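Participant:
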Amino acid sequence: MPTIRARIDQIIEDVIRRNRGETEFHQAVREVAESLEPVLRKHPEYAEHKIIERICEPERQIIFRVPWEDDRGEVQINRGFRVGFNSALGPYKGGLRFHPSVYLGIIKFLGFEQVFKNAITGMPIGGAKGGADFDPKGKSDGEVMRFCQSFMTELYRHLGEITDVPAGDIGVGTREIGYLFGQYKRITNRYESGVLTGKGPHWGGALVRREATGYGLVYFADEMLKARGEAIDGKTCVVSGSGNVAIYAIQKLQMLGAKVIACSDSDSAVLDPAGINVDTLIKLKEVERKRLRHYAEVHPTARCLEPRALWTISCEMALPCATQNELHAEDARNLIANGCTLVAEGANMPTTPAAIRLLSEAQVAFGPGKAANAGGVATSALEMQQNASRDAWTFEYTERRLHEIMRRIHHDCHEAASEFGTPGNYVLGANIVGFRRVAEAMLAFGLI
Ligand code: NDP
Ligand code: 2IT
138 MPTIRARIDQ
148 IIEDVIRRNR
158 GETEFHQAVR
168 EVAESLEPVL
178 RKHPEYAEHK
188 IIERICEPER
198 QIIFRVPWED
208 DRGEVQINRG
218 FRVGFNSALG
228 PYKGGLRFHP
238 SVYLGIIKFL
248 GFEQVFKNAI
258 TGMPIGGAKG
268 GADFDPKGKS
278 DGEVMRFCQS
288 FMTELYRHLG
298 EITDVPAGDI
308 GVGTREIGYL
318 FGQYKRITNR
328 YESGVLTGKG
338 PHWGGALVRR
348 EATGYGLVYF
358 ADEMLKARGE
368 AIDGKTCVVS
378 GSGNVAIYAI
388 QKLQMLGAKV
398 IACSDSDSAV
408 LDPAGINVDT
418 LIKLKEVERK
428 RLRHYAEVHP
438 TARCLEPRAL
448 WTISCEMALP
458 CATQNELHAE
468 DARNLIANGC
478 TLVAEGANMP
488 TTPAAIRLLS
498 EAQVAFGPGK
508 AANAGGVATS
518 ALEMQQNASR
528 DAWTFEYTER
538 RLHEIMRRIH
548 HDCHEAASEF
558 GTPGNYVLGA
568 NIVGFRRVAE
578 AMLAFGLI
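In the numbering used here, the protein residues as written are 138 to 585.
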């Protein structure tokens, strides 16, 4: 019999061999698998039934051609993806990413993470992810609409409110969800509200879904601080990105009394010692769809830096909210040297493994995305619940539900880390909570 450690190493090796070149997927699997050694020791039945091996193999992977016509009448071709990773706990659930960097390895890493994240929410949702290598930047509304219509013309046959329910991610917001929903409705002859989440509030969307990931992230960070006898009020923060997650994280941080002095996009970081103005961010990024550097034209107190210079700014809290592997070991060293005591991930896998190690060694509180950014998908599940009951809740009630969910997620991850002898290790806590819930359901279902 191989030791548990050898068995885990073999699982990782097999994933690398069978999914060649998909480096982000390998990284996500390694991070989870390596933390599960104590769980397999406690639950030999998980190893016996090859639960980790089965979880690492997506239940289904769909890859399809997306042809569309640009404004000049030229034919364009993109590649669309939907990976239904695991449906042990509910219908496939997870966002769609439209970004030129998208390929199967990115969608699989995101889908894999989503399985555990969704389990951690405690809601009845399985894990999935999808998207396309389409770049919405610089495209007209008409081009985005034609792309979304073509994308849905293939994808619709794989979806359904109790089969697979996509939502937004990078490059996919309410505008894109609108075009996708419109095409789904037209092709299927069904007003099936629960087939997509992140819809506009006037056509079946939940209030708070737009704010949910950012707000939830800050609620989670708040719980992490409370566990250390600290509070958000008065803390100086930097937030990377300036999209959906970043904007509403900044807004909630400010509501709780923190001072947010910097954010970024892929071209620049903006440092504004007077405090980032969220109204300007919303106008620039959501309404005008402009680059962040224009922020400094409106606010003379602000200056533009290189995007990566964000992590050299002195702060007490850092929230990476842009994309995967954006916070490197060198950035972690700078944050530690400058007095940062908390990092919580709004993005999926934004912190490299080497950076996580350095932060943990320096006793920086670290909130992994699977737990810290789960408020977005949890509120998607609340949207599904409202759609199923043909109801619409108030902003206040929905936000209260989100807040309770984030408190419970923190509590569960904190407890699990302590149960396995590593109090304060949220990476381990989150992986254990998520894995155990999926594993128990898979055991109950037999070999499927
Ligand atoms: P948006 O498209 O709204 O914003 C993305 C932001 O990140 C933009 O500022 C963008 O800058 C920046 N960014 C994206 N890709 C890169 C890159 N390769 N290099 C540098 N900067 C980049 O996306 P979201 O805010 O929705 O998503 C941000 C992160 O949060 C992602 O990791 C996503 O998976 C994760 N997430 C999102 C949830 C949601 O509900 N939307 C839920 C949970 C996690 P630019 O405009 O220049 O590209
Ligand atoms: O990464 C994520 O959790 C999301 N992009 C949100 C998924 C969802 O279904 O709301």
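Glycine included, every Cβ here is placed at the ideal spot set by N, Cα and C. Since the model is a prediction, treat every value here as computed from it, not as a measurement.
With which residues is Trp448 paired in a DSSP beta bridge?
Facilitator: The count along the sequence shown starts at 1 and reaches residue 448 at position 311. Its beta-bridge partners do not exist; DSSP assigns none.
Participant: So what's Gly264 in DSSP terms, helix, strand or just coil?
Facilitator: As a first step, residue 264 must be located in the sequence shown, where it is residue number 127. Strand at Gly264.
Participant: Can you tell me whether Glu586 is helix, strand or coil according to DSSP?
Facilitator: No information on residue 586 is available, as it lies outside the stretch 138 to 585 that the chain covers here.
Participant: Looking at Lys230: is its Cβ nearer than 7 Å to the Cβ of Phe162?
Facilitator: On the sequence shown, position 93 is the one that residue 230 refers to. On the sequence shown, position 25 is the one that residue 162 refers to. Not a contact, by the Cβ cut-off of 7 Å.
Participant: Considering Ala499, what are the terminal residues of the beta strand (DSSP E) in which it resides?
Facilitator: Here residue 499 corresponds to residue number 362 of the sequence shown, with the count starting at 1. Where Ala499 is concerned, there is no enclosing beta strand (DSSP E), given that its DSSP letter is neither H nor E.
Participant: Please classify Met138 as buried or exposed, where buried requires at least 16 other C-beta atoms within 10 Å of its C-beta.
Facilitator: For the purposes of this step, residue 138 is taken as the residue at position 1 of the sequence shown. By the 10 Å Cβ count, Met138 comes out exposed.
Participant: Counting only the same chain and skipping the five closest in sequence on each side, list residues whose C-beta sits under 8 Å from that of Gly315.
Facilitator: Locating residue 315 in the sequence shown gives position 178, where the first residue counts as 1. Once the five neighbours on either side are set aside, the close Cβ partners of Gly315 are Lys336, Gly337 and Trp340.
Participant: Given this structure, state the Cα-to-Cα distance separating Gly443 from Asp278, to the nearest angstrom.
Facilitator: Along the sequence shown, one-based indexing puts residue 443 at 306. Along the sequence shown, one-based indexing puts residue 278 at 141. The amino acid occupying residue 443 in the given sequence is Glu; Gly does not appear at that position. Rounded to the nearest angstrom, the two C-alpha atoms are 30 Å apart.
Participant: Please confirm whether Val220 and Pro261 have their CB atoms less than 7 Å apart.
Facilitator: To locate residue 220, count along the sequence shown from 1; it is residue 83. To locate residue 261, count along the sequence shown from 1; it is residue 124. Not a contact, by the Cβ cut-off of 7 Å.
Participant: For the stretch 283 to 296 against the stretch 238 to 258, are there 3 or more C-beta pairs whose distance is under 8 Å?
Facilitator: No, they do not touch.
Participant: Contact between the stretch 359 to 378 and the stretch 451 to 471: three or more CB pairs below 8 Å?
Facilitator: The answer is yes - the stretch 451 to 471 touches the stretch 359 to 378, with three or more Cβ pairs under 8 Å.
Participant: When the Cβ atoms of the stretch 346 to 364 are set against those of the stretch 426 to 443, are three or more pairs found closer than 8 Å?
Facilitator: The answer is no - the stretch 426 to 443 does not touch the stretch 346 to 364, with fewer than three Cβ pairs under 8 Å.
Participant: Using a 10 Å radius around the Cβ and a threshold of 16 neighbouring Cβ atoms, would you call Asp301 buried or exposed?
Facilitator: Stepping through the sequence shown from its first residue, residue 301 is reached at position 164. The residue in question, Asp301, is buried, as its Cβ has 16 or more Cβ neighbours within 10 Å.
Participant: Considering Cα atoms alone, identify which of Asp306, Phe271 and Phe284 is closest to Gly248.
Facilitator: Indexing the sequence shown from 1 puts residue 248 at position 111. Considering only alpha carbons, the answer is Asp306.
Participant: Gln461 by DSSP, collapsed to three states: which one?
Facilitator: By 1-based counting over the sequence shown, the position of residue 461 is 324. Three-state result, Gln461: coil.
Participant: Can you find at least 3 beta carbon pairs, one from the stretch 508 to 522 and one from the stretch 488 to 495, that sit closer than 8 Å?
Facilitator: With a cut-off of 8 Å, the stretch 488 to 495 and the stretch 508 to 522 do not count as touching, because too few Cβ pairs lie within range.
Participant: Assign Phe582 to buried or exposed, taking buried as 16 or more other Cβ atoms, counted over all protein chains shown, within 10 Å of its Cβ.
Facilitator: For the purposes of this step, residue 582 is taken as residue 445 along the sequence shown, with counting starting at 1. By the neighbour-count rule (16 or more Cβ atoms within 10 Å), Phe582 is not buried but exposed.
Participant: State yes or no: is the C-beta of Asp468 nearer than 6 Å to some heavy atom of the ligand NDP?
Facilitator: Looking up residue 468 in the sequence shown gives position 331. Because no heavy atom of the ligand NDP lies under 6 Å away, the Cβ of Asp468 does not count as near it: no.
Participant: Would you check if the distance between the CB atom of Thr449 and the CB atom of Asp409 is smaller than 7 Å?
Facilitator: Taking the sequence shown and counting its residues from 1, one reaches residue 449 at position 312. Taking the sequence shown and counting its residues from 1, one reaches residue 409 at position 272. No; because the gap between Cβ atoms is not below 7 Å, this pair is not in contact.
Participant: Once DSSP output is grouped into helix, strand and coil, what is the label at Arg216?
Facilitator: What you label residue 216 is simply residue 79 of the sequence shown in a count that begins at 1. Strand.
Participant: Can you tell me whether Asn255 sits near the ligand NDP, meaning its C-beta is under 6 Å from at least one heavy atom of the ligand?
Facilitator: Here residue 255 refers to the residue found at position 118 of the sequence shown. Checking every heavy atom of the ligand NDP against the Cβ of Asn255, none is found closer than 6 Å.
Participant: Secondary structure at Gly248, three-state DSSP: helix, strand or coil?
Facilitator: As a first step, residue 248 is located in the sequence shown; it is residue number 111 there, counting from the start. It is helical.
Participant: Consider the C-beta atom of Ala459 and the heavy atoms of the ligand NDP; say whether any pair is separated by less than 6 Å.
Facilitator: What you label residue 459 is simply residue 322 of the sequence shown in a count that begins at 1. Ala459: yes, Cβ under 6 Å from the ligand NDP.
Participant: What is the DSSP secondary structure of Ser401, reduced to helix, strand or coil?
Facilitator: The residue you call residue 401 lines up with position 264 of the sequence shown. Strand, per DSSP.
Participant: Could you tell me the distance, in whole angstroms, from the CA atom of Asp549 to the CA atom of Val176?
Facilitator: Numbered from its first residue, the sequence shown carries residue 549 at position 412. Numbered from its first residue, the sequence shown carries residue 176 at position 39. Near 15 Å, if we compare the C-alpha coordinates of Val176 and Asp549.
Participant: What residues are listed by DSSP as bridge partners for Asp306?
Facilitator: Here residue 306 corresponds to residue number 169 of the sequence shown, with the count starting at 1. Paired residues: Val309.
Participant: From Gly561, Arg157 and Cys193, pick the residue whose C-alpha is nearest to that of Phe503; which is it?
Facilitator: Translated into positions along the sequence shown, residue 503 becomes position 366. Cα-wise, what sits closest to Phe503 is Gly561.
Participant: In terms of alpha-carbon separation, which member of Val152, Arg178, Pro273 and Asp370 lies closest to Asp207?
Facilitator: Here the question's residue 207 lines up with position 70 in the sequence shown. Considering only alpha carbons, the answer is Pro273.
Participant: Under 7 Å, do Glu250 and Lys507 count as touching if we go by C-beta distance?
Facilitator: Position 113 of the sequence shown holds residue 250. Position 370 of the sequence shown holds residue 507. Yes. Within cutoff.
Participant: So is Met543 buried or exposed if we call it buried at 16+ other beta carbons inside 10 Å?
Facilitator: For the purposes of this step, residue 543 is taken as residue 406 along the sequence shown, with counting starting at 1. The residue is buried, with at least 16 neighbouring Cβ atoms inside 10 Å.
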